[in-house]
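When the sequence shown is numbered by this note's numbering, its final residue is 365 and no position is left out of the sequence of numbers.
Written below as structure tokens is the structure these notes are about.
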Amino acid sequence: MPDDAIQVQGIVKRYGTMRAVDDVSFTVAQGEFVSLLGPSGCGKTTTLRMIAGFVDPSEGMIRIHGRDVTHLPPEKRNLGFVFQNYALWPHMTVAENVAFGLKLRGKSRSFIRDKVEEALSVIGLSGYGDRLPRQLSGGQQQRVALGRALALEPQVLLMDEPLSNLDRALRVTMRRELKELQARMRMTTLYVTHDQEEALSMSNRVVIMSKGRVEQIAAPYELYESPATSFVADFVGITNFLEGSATGTGGGFVGVKLASGQMLRALARTPVAEGDAVRALIRPERVTLSATALDGDNVLTGRVMLSEYFGAVLRYSVRLDSGDVLRSEVHNFDSFIGNDSPVWIRALPEHLRVIPREGQG
Ligand SMILES: Nc1ncnc2c1ncn2[C@@H]1O[C@H](COP(=O)(O)OP(=O)(O)O)[C@@H](O)[C@H]1O
Ligand SMILES: [Mg+2]
């Protein structure tokens, strides 16, 4: 697309025979906030560093605003970076840290002074210019690292786990501040994280990676509600997996026959053929649990194995007649269902997703 700020096309990074990044493609539109999300070691940092220019791709192409930058040095790409360890110069003041990149570019004193003032104001640290990094909290230091990146007015901001060194409360506050700032400045942002809450709450779209490959690219809601693979369903939130075989497909629906012989009807998102081995997925909060009989379609029966009370939420584990264990999460409850009680479960077709059972899955 012509208005794509970042275009990554089939990039590969080999270390010896290992493919740390294995044919990854995605785009980030102008002003968009996109996250790379995945477990440790899946290739997020390597991907970001190839876009930044610190790592040379073995294959593939990277474009920034349409310009091929695949083999350009970092300083020729007009990108801003913020890393996990803020990497501030300890002996320089906040203002000197923010000014650093501008000085390297040979800007005039008065230009630098204005830009530093502006950056400090944007990150909420006006008046802190004369302090040393060690006189600031962790959150303030991370904001300085952000200010230093913003002062260069990059076309694109790249961030690698910028909040993961902060404690939880600060991380949540900074997450909101960062997102608010990014939206206000309409700053194209590519954000690396292994934290699904960060990715879901901040991003316009999320690129989910596993073992160097892209599993799914989707908006947060779609990712959670319609995971394309078992990996995504398992990595983002909690999912119940019910194994069965596809039967009676058509009209956007697919039937799933469980080991117990019971049938579930579900929305068909991914094409599956009659007789295919499949998984039906349902989120615990979508499972309706009842201590009295439910009739109609898509009702399963089982017994409560375990109930866990968390105040606002009650979590049940139910052993279904099929042998599967199903988790159910109840938010509005007036009574408890005891262990070993028989229960009826309803899983509505629109809340069930059916995906093929992959080789390893
Ligand atoms: N310079 C390197 N030399 C060899 N292997 C590397 C190098 N950098 C990263 N790797 C490997 O590439 C894989 C992906 O690493 P990385 O991109 O840092 O993952 P993530 O950021 O998702 O945790 C890992 O298995 C890592 O050990
Ligand atoms: Mg990393």
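In this text, a Cβ means the ideal position worked out from N, Cα and C, and glycines have one as well.
Only counting the same chain, and skipping five residues up and downstream in sequence, which positions put a Cβ closer than 8 Å to that of residue i?
{"i": "residue 340", "result": "311, 313, 318"}
{"i": "residue 76", "result": "57"}
{"i": "residue 230", "result": "222, 273, 357"}
{"i": "residue 266", "result": "304, 325, 326"}
Once you ignore the five residues that flank residue i on each side, which residues in its own chain have a CB closer than 7 Å to its CB?
{"i": "residue 158", "result": "82, 83, 84"}
{"i": "residue 278", "result": "250, 251, 253"}
{"i": "residue 353", "result": "257, 269, 270, 271, 302"}
{"i": "residue 169", "result": "88, 89, 142"}
{"i": "residue 365", "result": "With a pLDDT of only 40 at residue 365, under the threshold of 50, the placement of this residue in the model should not be trusted; the figure read from the coordinates follows. The answer, listed in chain order, is 234."}
{"i": "residue 321", "result": "309, 310, 329, 331"}
Tell me which same chain residues have a C-beta within less than 6 Å of the C-beta of residue i, skipping the five on either side of it?
{"i": "residue 292", "result": "350"}
{"i": "residue 334", "result": "318"}
{"i": "residue 220", "result": "212, 232, 236"}
{"i": "residue 208", "result": "36, 37"}
Is DSSP giving residue i helix, strand or coil here?
{"i": "residue 127", "result": "coil"}
{"i": "residue 364", "result": "Only weak support is given to the placement of residue 364: the predicted model assigns it a pLDDT of 41, under 50, and the value that follows is read from those uncertain coordinates. Reduced to three states, the DSSP call for residue 364 is coil."}
{"i": "residue 111", "result": "coil"}
{"i": "residue 139", "result": "helix"}
{"i": "residue 102", "result": "helix"}
{"i": "residue 334", "result": "strand"}
{"i": "residue 346", "result": "strand"}
Relative to the alpha-carbon of residue i, which residue among the options has its alpha-carbon at the smallest distance?
{"i": "residue 171", "options": "141, 155, 148, 160", "result": "141"}
{"i": "residue 360", "options": "114, 123, 284", "result": "284"}
{"i": "residue 213", "options": "289, 44, 22", "result": "44"}
{"i": "residue 343", "options": "323, 25, 127, 109", "result": "323"}
{"i": "residue 326", "options": "132, 245, 40", "result": "245"}
{"i": "residue 308", "options": "29, 332, 299", "result": "332"}
{"i": "residue 34", "options": "49, 51, 186, 147", "result": "186"}
{"i": "residue 161", "options": "62, 290, 78, 330", "result": "78"}
{"i": "residue 294", "options": "105, 255, 27, 345", "result": "345"}
{"i": "residue 116", "options": "24, 55, 155", "result": "155"}
{"i": "residue 175", "options": "193, 215, 147", "result": "147"}
Quick one: measure Cβ to Cβ for residue i and residue j, integer angstroms, because I've assumed they're closer than 8 Å.
{"i": "residue 145", "j": "residue 90", "result": "5 Å"}
{"i": "residue 68", "j": "residue 12", "result": "At roughly 10 Å, the Cβ-Cβ gap does not stay under 8 Å, so residue 68 and residue 12 are not in contact."}
{"i": "residue 92", "j": "residue 101", "result": "5 Å"}
{"i": "residue 197", "j": "residue 165", "result": "6 Å"}
Can you tell me whether residue i sits near ligand 4, meaning its C-beta is under 6 Å from at least one heavy atom of the ligand?
{"i": "residue 259", "result": "Among the ligands modelled here, namely ligand 1 and ligand 2, ligand 4 does not occur."}
Would residue i pass as a contact of residue j if the rule is Cβ separation under 7 Å?
{"i": "residue 98", "j": "residue 135", "result": "yes"}
{"i": "residue 94", "j": "residue 137", "result": "yes"}
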